[in-house]
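Position 147, counted from 1, in the sequence shown is what the working numbering calls 162; the numbers after and before it change by one each time, with no gaps.
A quick write-up on the structure given underneath.
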Amino acid sequence: MKRRSFLQATAAGFGATLLPAAAKDEYLVYFGTYTDTNSRGIYAYRFQPATGKLTSLGLMAETPNPAFIVAAPNGRYLYAVNWKGDERDKQGDTVSAFAIDNKTGKLTFLNKVTSKGEMPTNLTVDRTAKTLLQVSYTGGNIAGYRIEADGRLSEPTTYFEHRGKSVHQVNGPHSHGVIVSPDNQHAFVGEVGLDQVRSYSLDAAKSTLTPSDPPFVSVKPGTAPRHLAFHPSGKFLYTNDESRPAVTAFAVDGGHLKEIQEVPASPADFTGRNATAEIQIDRKGRFVYVSNRGHDSIAVFSVDQRTGFLTPVQHASTLGKTPRNFSLDPTGEYLFAANQNSDTVVPFKVDQTTGRLTPTGEPIQVPKPVCVLFVKAQ
């Protein structure tokens with residue numbers, strides 16, 4: 016597909032077929048991509064939940080391999096990891112900061128800093144917007160950065176390397192996901208290489224971390240906990256387990272976790288290769304969603320609000336290949352799934368009673384999409 020064709024693609028045609036959403040706000044939808052083929056960086060669409068209309072805004076920032084992107088809670092700044100696989104980035108693996116124009120979607124580069132570890136994979140901003148946390152897959156580490164008043168990032172203010180090994184073919188630490196607890200007191204890391212969830216105390220004001228005691232909880236060998244999602248109550252934490260593939264539920268007590276359940280992520284009758292990629296929970300804590308690469312689906316689970324246990328609801332095809340990432344929109348009524356190897360993003364309508372997903376129409380075209388981010392527009 017030619018570059019111009021996918022930049023000009025819009026979803027106005029299928030937008031008319033969508034069911035109306037309660038919210039009247041509009042959102043910018045940013046897509047992080049791999050830039051090793053026909054992509055050049057971060058792309059965006061404008062989204063109207065009330066009508067389902069999507070309008071392409073094109074390339075918002077030319078930047079190498081922005082494989083994961085997050086926004087500050089105020090929606091004014093965007094942060095992206097950058098892999099050194101692109102020769103345009105002579106500085107190596109970095110984390111970049113951008114200012115967001117909430118009217119046009121344009122991203123203005125602010126600065127970039129070292130990732131303190133090869134192949135940065137995941138980012139999160141604490142709830143006070145003072146600290147950015149980043150983990151690296153090859154480095155097997157976590158780093159923290161102070162967010163300045165103008166949105167720029169400091170050099171790393173805290174840094175820890177993980178040590179050990181498990182049963183995986185590629186042995187050693189490989190940190191893949193990071194999340195901050197709802198009370199903003201702790202950070203947890205999905206350590207796929209060590210079959211652990213690492214725990215830290217967070218001092219957001221100083222942008223520093225302190226390992227918990229004990230510093231991790233181990234899961235079954237070969238599980239590979241990848242990304243993490245907190246129940247809004249803070250009582251339960253869920254991980255998507257890349258290698259099993261499954262979802263593990265934990266009871267949370269401060270910085271301590273206790274495993275309470277493991278549920279398969281793929282259908283019982285599926286015998287092909289499969290690996291989970293992303294996990295999210297809806298804003299009311301009723302449903303957990305997990306993407307499957309191989310089965311190429313989004314697994315939907317209902318949540319028991321008392322016990323935290325999960326019950327399978329649906330496996331919805333993503334209508335494409337390799338859904339590396341997805342995101343629920345802020346209204347909770349839509350889910351956008353990014354099919355990395357199909358160059359498509361598929362919008363789904365979320366049933367507010369059952370959590371089930373229904374595709375809304377034709378996919379939109381985005382080159383090598385691997386991350387989806389919603390930011391409120393003006």
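Note that the Cβ used here is the ideal one computed from N, Cα and C, for glycine as well.
Bear in mind that the values here come from a model prediction, so they are computed numbers and not experimental data.
- Judged by pairs of C-beta atoms under 8 angstroms, the region 168-183 touches the region 118-130, as three or more such pairs exist.
- In the DSSP annotation of this structure, the continuous segment of the beta strand (DSSP E) that includes Asn126 starts and ends at Leu122 to Thr129.
- Within the model, the alpha-carbon separation for Gly187 versus Ser233 is close to 14 angstroms.
- Shown here, Glu257 sits in coil according to DSSP, grouped into three states, outside any helix or strand.
- In terms of Cβ geometry, Ile379 and Tyr94 do not form a close pair [threshold 9 angstroms].
- Within the model, the alpha-carbon separation for Tyr253 versus His310 is close to 21 angstroms.
- Per DSSP, the continuous beta strand (DSSP E) segment holding Pro226 begins and ends at Thr223 to Ser233.
- Here the alpha carbons of Thr119 and Asp210 stand approximately 43 angstroms from one another.
- Here Gln355 is buried: its Cβ has 16 or more other Cβ atoms, across all protein chains shown, within 10 Å.
- Looking at Pro345, Pro374, Arg371 and Ser357, the one whose alpha-carbon comes closest to that of Val44 is Pro345.
- The DSSP-derived three-state label of Arg167 is coil.
- The criterion of a C-beta distance shorter than 9 angstroms is satisfied by Phe341 and Ser306.
- Here Ser248 is near Gly300, since their CB atoms are less than 9 angstroms apart.
- A distance below 8 angstroms between beta-carbons, with the five flanking residues on each side excluded, links Pro236 to the following residues of its chain, in chain order: Ser181, Val182 and Asp210.
- Taking 8 angstroms as the upper bound for CB-CB distance, Leu122 and Ile57 are in contact here, some 6 angstroms apart.
- In the structure shown, the three-state DSSP call for Pro197 is coil.
- Residue environment for Arg213: buried (at least 16 other C-beta atoms within 10 angstroms of its C-beta).
- Along the region 81-115, the beta strand (DSSP E) occurs as fully enclosed runs of 3 or more residues at 84-86, 92-97 and 109-115, listed in sequence order.
- When DSSP states are grouped into helix, strand and coil, Glu348 belongs to the coil group.
- Taking the Cβ atoms as the reference, Ala353 lies roughly 14 angstroms from Pro374, outside the contact range of under 8 angstroms.
- The beta carbon of Pro81 sits closer than 7 angstroms to the beta carbons of Gly47, Thr48, Gly56, Ile57, Ala95, Val96 and Asn97 from its chain, once the five residues preceding and following it are set aside; these are given in chain order.
- Given a length threshold of 3 residues, each whole run of the beta strand (DSSP E) inside the region 335-386 is given here in chain order: 338-343, 349-354, 359-365 and 372-374.
- Straight through space, the alpha carbons of His189 and Tyr152 are spaced by roughly 4 angstroms.
- Per DSSP, the continuous beta strand (DSSP E) segment holding Leu43 begins and ends at Tyr42 to Thr48.
- In the three-state reduction of the DSSP assignment, Val204 falls in the strand class, which pools E and B.
- Distance from the CA atom of Lys383 to the CA atom of Leu334, rounded to whole angstroms, is 15 angstroms.
- Burial of Thr146 is indicated by the presence of at least 16 other C-beta atoms within 10 angstroms of its C-beta.
- Around Phe175, the same chain offers Asn156, Ile157, Leu224 and Pro226 as residues with beta carbons nearer than 7 angstroms, after the five sequence neighbours per side are excluded.
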